[in-house]
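Each protein sequence line maps, in turn, to chains A and B. Quick note on my numbering: the first sequence kicks off at 1 and runs consecutively. Quick note on my numbering: the second sequence kicks off at 1001 and runs consecutively. Backbone N, C-alpha and C define an ideal beta-carbon position, used for all residues, glycine too.
Number of protein chains: 2
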Amino acid sequence: MQPDNARLSMSVGEAMFSQRSIRRFRSDPIPMDDLHLILEAAVKAPSGGNRQPARFLVLNEPEVIRQFGALYREAWWAKRRDEKRPWTSREQIPPEDKGSTAAARLADEIKDAPCIVLALTSVRGGASSVIPSVQNLMLAARALGIGSVPTTLHPTVLERVYGLLGIPQEMEFHLCIPMGYPRGNFGSTQRKPASEVTFLNRWGASVNEWTSAAAPV
Amino acid sequence: MQPDNARLSMSVGEAMFSQRSIRRFRSDPIPMDDLHLILEAAVKAPSGGNRQPARFLVLNEPEVIRQFGALYREAWWAKRRDEKRPWTSREQIPPEDKGSTAAARLADEIKDAPCIVLALTSVRGGASSVIPSVQNLMLAARALGIGSVPTTLHPTVLERVYGLLGIPQEMEFHLCIPMGYPRGNFGSTQRKPASEVTFLNRWGASVNEWTSAAAPV
């Protein structure tokens, strides 16, 4: 049976302008009907030549998540070593580095997340054929009041993650998305205005404050 | 001035479940206010560490689009050669290959598109920090009645595209998105159901038709 798309009634504007990375989750499980609806939204996104190479592995069994979480935590710290950050524990992260502090806490707490989705493709180089689906997934989750955050995995743990979850070698891993109902209060996102990252007709050319007069007549 | 987000009033469900690749456009220009709103929606998407490396180059000047379109067309046919397709002109594409027929027509007609957005990043390997923005851009366009399709560019033309548009060498190109008001009638998309591309807790494990009973208690 198909899930009821009408439940994704939040407006596109509200979902996009209020989407923010959620890294602290309540322990409540996500109902399977909601997961189904979120995944149906994900597969609607475009892919190259409509070949649909995106594959999703949904984890919602606490023991599986606990074992995966240990690998995720190891991967997070391995990435810090690559980046030559001088930290070896959460306590050493400067408090003003809020992004790293929050990410390190997620690395500790992900083992207790109610749900984790791994996004993969059945072909190499398929990023542009799976990441649009991941954004659909996160926006659909947002519309249902479910928080999420896109994360990566350091190569050092990939083989063990594949082994733990029985993922065939030929699959390409792209993103790991922990999901759950938000815990705590969350402010709005900090994003550059579009005018700072957009040029018009030539690199470096300002969009002239987007006045309609700039449009061709 | 910020654009009015309330104009993106279409529901998330309708936008996602009705999004489909549009490759035939009317010549009407897209109002700059709409482009602004679409790009503001794009920059709201998440990026790795919130570093926001995504950059957008919006083309809406007919002469620029005409010159870019010639390179796009050359790139499309170069990709067919890579794929060892035996075609050298549109007429040779088997009519039953509707995807290639539509893509070849876009390669011919893109020179007349009212708008093209190029999505790039200021860092290498930034796919997962720009493609979520591209999906926001296409969904926001959909919510405003504007069609789009994500496309790539063959490497053989990239240097000339960078030269034509003044794009610095250090930028990484990701996707090219022609946009415009749809011309003609369009059916719904053909997508695999989520249950065919999703596994639960272990690769190959069916989602059991998403019954709520499968959720942990």
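Residue i: buried (16+ other C-beta within 10 angstroms of its C-beta) or exposed?
i	result
glutamate 1063 of chain B	exposed
alanine 141 of chain A	buried
arginine 26 of chain A	exposed
glutamate 1196 of chain B	exposed
glutamate 1096 of chain B	exposed
valine 217 of chain A	Because valine 217 of chain A carries a pLDDT of 42, less than 50, the predicted location of this residue cannot be relied on, and the following value inherits that uncertainty. By the 10 Å Cβ count, valine 217 of chain A comes out exposed.
glutamate 40 of chain A	buried
serine 1188 of chain B	exposed
methionine 1016 of chain B	buried
glutamine 52 of chain A	buried
glutamine 19 of chain A	buried
asparagine 208 of chain A	exposed
arginine 1081 of chain B	exposed
lysine 1098 of chain B	exposed
glutamine 1135 of chain B	buried
methionine 138 of chain A	buried
alanine 1113 of chain B	buried
proline 94 of chain A	exposed
arginine 66 of chain A	exposed
alanine 215 of chain A	With a pLDDT of 46 at alanine 215 of chain A, under the threshold of 50, the modelled position of that residue is not reliable, and the figure given next carries that caveat. Result: buried.
Quick one: give me the first and last residue of the alpha helix (DSSP H) that residue i is part of.
i	result
methionine 1032 of chain B	1032 to 1043
glutamate 63 of chain A	62 to 82
isoleucine 1131 of chain B	1131 to 1143
glycine 163 of chain A	155 to 165
phenylalanine 1017 of chain B	1012 to 1018
glutamate 196 of chain A	194 to 197
Please compile the residues from chain A whose C-beta is within a distance smaller than 7 angstroms of the C-beta of residue i.
i	result
glycine 1204 of chain B	Gly166
histidine 1036 of chain B	Ala194 and Trp210
threonine 1189 of chain B	Lys44
I think residue i touches residue j, with their Cβ atoms under 8 angstroms apart; what is that distance to the nearest whole Å?
i	j	result
isoleucine 116 of chain A	methionine 179 of chain A	7 angstroms
phenylalanine 186 of chain A	isoleucine 22 of chain A	7 angstroms
histidine 154 of chain A	threonine 121 of chain A	Not confirmed; about 19 angstroms, so no contact.
arginine 1024 of chain B	proline 1182 of chain B	7 angstroms
glycine 1069 of chain B	isoleucine 1030 of chain B	Actually they are not in contact, since the Cβ atoms of glycine 1069 of chain B and isoleucine 1030 of chain B sit about 17 angstroms apart, beyond 8 angstroms.
proline 3 of chain A	histidine 36 of chain A	5 angstroms
alanine 1143 of chain B	serine 1133 of chain B	The pair is not a contact, with the Cβ atoms about 15 angstroms apart (cut-off 8 angstroms).
isoleucine 146 of chain A	aspartate 34 of chain A	7 angstroms
isoleucine 1177 of chain B	serine 1206 of chain B	That pair is no contact at about 36 angstroms.
Can you name the residues of chain B whose CB is closer than 8 angstroms to the CB of residue i?
i	result
glutamine 19 of chain A	Lys1044, Ala1045 and Pro1046
Taking C-beta pairs closer than 7 angstroms, name the residues in chain B that residue i reaches, listed in chain order.
i	result
valine 157 of chain A	In chain order: nothing, as chain B lies at least about 16 angstroms away.
glycine 49 of chain A	Gly1099
asparagine 5 of chain A	Gly1013 and Phe1017
Residue i lies in the beta strand (DSSP E); which residues open and close that run?
i	result
threonine 101 of chain A	Taken as a continuous stretch (DSSP letters only), threonine 101 of chain A belongs to no beta strand (DSSP E), being part of the alpha helix (DSSP H) at 98 to 109.
alanine 54 of chain A	54 to 59
valine 117 of chain A	115 to 121
isoleucine 93 of chain A	Looking at the DSSP string, isoleucine 93 of chain A is not in any beta strand (DSSP E), and its letter there is neither H nor E.
leucine 1008 of chain B	Unbroken run through leucine 1008 of chain B: none, as it is neither H nor E.
proline 220 of chain A	For chain A, the structure presents residues 1 to 217; residue 220 of chain A sits outside this window and is missing.
Please list, in chain order, the chain A residues whose beta carbon lies closer than 8 angstroms to that of residue i.
i	result
lysine 1192 of chain B	Val43 and Gln52
phenylalanine 1199 of chain B	Arg55, Phe56, Leu57 and Val58
Identify the contact partners of residue i in chain B, using a Cβ-Cβ distance below 9 angstroms as the criterion.
i	result
glutamine 135 of chain A	Ala1045, Pro1046, Ile1131, Pro1132, Ser1133, Val1134, Gln1135, Asn1136 and Leu1139
For this session: Spell out a yes or no on whether the segment 1195 to 1203 of chain B and the segment 50 to 60 of chain A are touching, meaning 3 or more CB-CB pairs, one atom from each, closer than 8 angstroms.
Result: yes
For this session: Inspect the CB distances between the segment 71 to 79 of chain A and the segment 102 to 112 of chain A and report whether three or more fall short of 8 angstroms.
Result: yes
Exercise. Do three or more CB pairs link the segment 1005 to 1016 of chain B to the segment 1166 to 1181 of chain B at distances below 8 angstroms?
Worked result: no
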